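>
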Amino acid sequence: MDSTFDVLIRNGYVVAQEAVVDIAIDDGRIAAIRPEIAESGDTELDARGDLVSPGLVDAHVHLDMALSATGDRRPRNNERRTDRIDAIERTAAYFAETDGEEIEARVRDVAGRAVTNGVLHLRTHAYVDSEVGTDIVERVAAVREAFDDRLDVEIVAFPQGGIGRDEGSADALRAALDAGADLVGGLDPATLNGDRTGTIETWFDIATDGDADVDVHIHERGDTGTDTLRALAEATIDRGYEGRVTASHAYALADAATGLDGDSSGDDGGDRGGRGDRDDQLGDAMETFTAADLRFVTCYGSTPRGMPIRRVHDAGLVLAHGTDQVHDMWGAHGNLNAIEAMLVQSLKLDGYATNDGLACLWRLITTEGASLLGRAEDYGIEAGTPADLVVHDARSPQWAILERNDPRYVLKNGNVVAADGSLAGTRPSPSGRE
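For what it's worth, the numbering used here labels the leading residue of the sequence shown as 17, then goes sequentially.
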């Protein structure tokens, strides 16, 4: 008698194989990949020749403040371009004044949306400060536990007010590592905190004490930003933290690559500290970044037009992508849809609308994201890897981006957790609005 697999996906196009294959799943892992599998499956899914990919990765999002722009006829806090200090103050007020259960419910809502969009691995930042302490981290951690069979979540404790501006944030950051956070976060050591060296040293002191990785927002532009990235890389080497530090946003990469003193795209990280137009400065810094194995994340809502994605990849460095906002006070956009984000990037960035460019963008939300989250060795479609898979309604990564259809099936550890835009066992919401 033919043996039976738990799940059998038939007729799936796998990019790495450049072929349509059958994929057998047992005990939550891929058991076999062959052009045709004679055995049956307890559950059989027909991919109809369409793309089957590993679960998508969102490497930078703020689940904690999700949907804070909703509730009115028009998006709240969206009357003018985002001002960094104003947004920081609004964020602090939001977390101080909003009921924790309401925040947790919103996090739960958007976590479900991520899964239906094919995102199975994400890194979220969670707010800490001297007033709310670790409460928001604990709320996000509770949702992580509730979704542990559907979504892998890393939590970055994020002292958005700045440890140099908000006395008590550093203590909250330390406490957050015991309250469910996995990484140490921060932002803009030179322009917001006013002490580049001291702030970076404090980040690493807290991280090394807790044996935690680091993921910090670096909005700073131009030469100021490049100097900050270089200082972060040098501290990474000094502390023996190679491969454990992420610079999120890193707008200065684009400024250094283009030889300009900052670009009007994206959030302004303050003083650009410019020396005017100059030759390519990125090559000078890249050697230090490579020695530190510094990792980078860009987010489609704020990616500068000159972001050197291919160049960073060609240097052997990780550059992944996050959707960042989910209808919040920093930005009204954001649906926790990594594929939608790549469609925007393909239109926004010069040279990424071609088949090769779209394939490069696809890597941001798959293999690059997996590397950033430390999942590279257990990620992909090959025998033995976890069956975290997406059956797309598209023929290829390129068409998946261009058509932006809902995934037909989303599988976590071999279980169907979403289908056709709905979580398993639920009905689709007519609008998703509050």
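Ideal Cβ placement from N, Cα and C applies to all residues, glycine included. Every value quoted in this text rests on a predicted model; they were computed, and no experiment measured them.
Report the CB separation of Ile139 from Ala228 in whole angstroms; it is logged as a contact under 8 Å.
Looking up residue 139 in the sequence shown gives position 123. Looking up residue 228 in the sequence shown gives position 212. Residue identity differs from the one stated: residue 139 is Arg in this sequence, not Ile. In fact, because the Cβ distance is near 13 Å, the residues do not count as touching under 8 Å.
> Three Cβ pairs or more, each shorter than 8 Å: is that satisfied between the segment 122 to 138 and the segment 425 to 442?
yes
> Report buried or exposed for Ala270, applying the criterion of at least 16 other Cβ atoms within 10 angstroms of its Cβ.
Translated into the one-based positions of the sequence shown, residue 270 becomes position 254. Ala270 is buried by the Cβ-count criterion.
> For Leu427 versus Val23, is the C-beta spacing smaller than 9 Å?
The sequence position of residue 427 within the sequence shown is 411, counting from 1. The sequence position of residue 23 within the sequence shown is 7, counting from 1. The answer is yes: Cβ separation under 9 Å.
> Excluding five sequence neighbours on each side, which residues of the same chain lie with their C-beta closer than 7 Å to the C-beta of Ala108?
Here residue 108 is taken as the residue at index 92 of the sequence shown, counted from 1. Within the same chain, Ala108 has close Cβ partners Asp145, Gly177.
> Specify the secondary structure class of Gly400 as computed by DSSP and reduced to three states.
The count along the sequence shown starts at 1 and reaches residue 400 at position 384. Correct three-state label for Gly400: coil.
> Could you check whether the segment 299 to 317 touches the segment 253 to 262, counting it as contact only if at least three pairs of C-beta atoms, one from each stretch, sit closer than 8 Å?
yes
> When DSSP builds the beta bridges, which residues end up paired with Pro70?
Taking the sequence shown and counting its residues from 1, the one referred to as residue 70 is at position 54. Answer by DSSP bridge pairing, in chain order: Leu405.
> Would you call the CB atoms of Asp344 and Ser84 closer than 9 Å?
Position 328 of the sequence shown, counting from 1, holds the residue named residue 344. Position 68 of the sequence shown, counting from 1, holds the residue named residue 84. In contact: Asp344 and Ser84 (Cβ atoms closer than 9 Å).
> Using the Cα positions of Ala82 and Ala32, report the straight-line distance between them to the nearest angstrom.
On the sequence shown, position 66 is the one that residue 82 refers to. On the sequence shown, position 16 is the one that residue 32 refers to. Distance between the alpha carbons of Ala82 and Ala32 is about 35 Å.
> Does the segment 44 to 53 come close enough to the segment 371 to 381 to have 3 or more Cβ pairs within less than 8 Å?
no
> Do Leu79 and Val123 come within 9 Å of each other at the CB atom, strictly closer than that value?
As a working note, residue 123 is residue 107 in the sequence shown. As a working note, residue 79 is residue 63 in the sequence shown. Going by C-beta atoms, Val123 is nearer than 9 Å to Leu79.
> Quick one: residues in its chain with C-beta nearer than 6 Å to the C-beta of Gly390, no 5 flanking neighbours on either side, listed in chain order?
Looking up residue 390 in the sequence shown gives position 374. Cβ neighbours of Gly390 beyond the five flanking positions: none.
> Spatial neighbours of Glu250 within its chain, please: C-beta separation below 8 Å, excluding the five flanking residues on both sides.
Taking the first residue of the sequence shown as position 1, residue 250 is located at position 234. Result list for Glu250: Thr304, Ala308, in chain order.
> Let me know if Thr20 comes out buried or exposed under the rule of 16 or more other beta-carbons within 10 Å of its beta-carbon.
Looking up residue 20 in the sequence shown gives position 4. With fewer than 16 Cβ atoms within 10 Å of its Cβ, Thr20 is classed as exposed.
> Please identify the residue among Arg106, His235, Pro413 whose C-alpha is closest to the C-alpha of Glu34.
Taking the sequence shown and counting its residues from 1, the one referred to as residue 34 is at position 18. Check the Cα spacing between Glu34 and each of Arg106, His235, Pro413: the tightest is with Pro413.
> By alpha-carbon positions, which one of Glu117, Ser69, Thr59, Ala127 ends up nearest to Gly396?
Within the sequence shown, numbered from 1, the residue matching residue 396 stands at position 380. It is Ser69 whose Cα lies nearest to the Cα of Gly396.
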